[in-house]
Every structure is written in C-alpha cells, then in structure tokens.
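In our numbering, the protein residues as written are 4 to 110. For glycine and all other residues, C-beta sits at the position ideal for the given N, C-alpha and C.
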C-alpha cells in the first residue's frame, strides 16, 4: 500500500518571516482554495510534538522518531538501510539528531 512508499513533507512558510504558517492562516487558505471549486484542499496545520512524546518513540513497535531543527521524523523504515549501520542511527532514537551530525562529519 501507500504506507510502504517514501513520504515527502513540506512546510509552507510566510515569505516575510520565513516561519511556518499558523493554523489560522492554513485554514484561511484552505477555505479560499475550496471556494475555487475545482480544487480539493487538505491543507491542515502540522501536529506539534513535545520532546517527551518524541522520546517515547524508540522501537519498531512504537515507531522510531528523531527530531531535526523544528521537525519530527519517523525513521522506522530507514533504520535498517542507514549507511552507517543500525547501531549508529539508533543512538538518536527519540532525540535530536543534530548532536550526532556534529560528531559524524560525513553528514
């Protein structure tokens, strides 16, 4: 099914601030697009996760999540294919990957 395929996630940003759009702005855009009639729009605000929620995702059963900058990523399917090996990438499970990218300069 579609869950076996890679997913690309895009963040829509305000041109002036460079920050992600607020839930209210996304809803305003969604309604405007739907009024056009020819477009089905599913734009919704991205979910927000706490560090504690990310920290609970460290196994294949819970899903393996990491954070990078302002994003949270489910890397469960990628872990087995990590070029540096499963052991290395699992050090970051449930945490930010940024400290590891500073240690392992090849990234």
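Could you work out which residue in the options is closest to residue i when comparing CA atoms only?
i, options, result
"residue 82", "76, 93, 73", "93"
"residue 91", "27, 72, 107", "107"
"residue 96", "53, 49, 55, 60", "60"
"residue 52", "64, 36, 75, 62", "75"
"residue 73", "50, 86, 84", "50"
Residue j and residue i - do their beta-carbons sit closer together than 9 Å?
i, j, result
"residue 31", "residue 23", "no"
"residue 66", "residue 77", "yes"
Hey, residue i and residue j are a contact pair by Cβ (cut 8 Å); roughly how many whole angstroms apart?
i, j, result
"residue 57", "residue 100", "About 11 Å separates the two Cβ atoms, so there is no contact after all."
**Asked** Quick one: complete alpha helix (DSSP H) runs, 4+ long, within the region 36-94?
**Response** 54-58, 89-93
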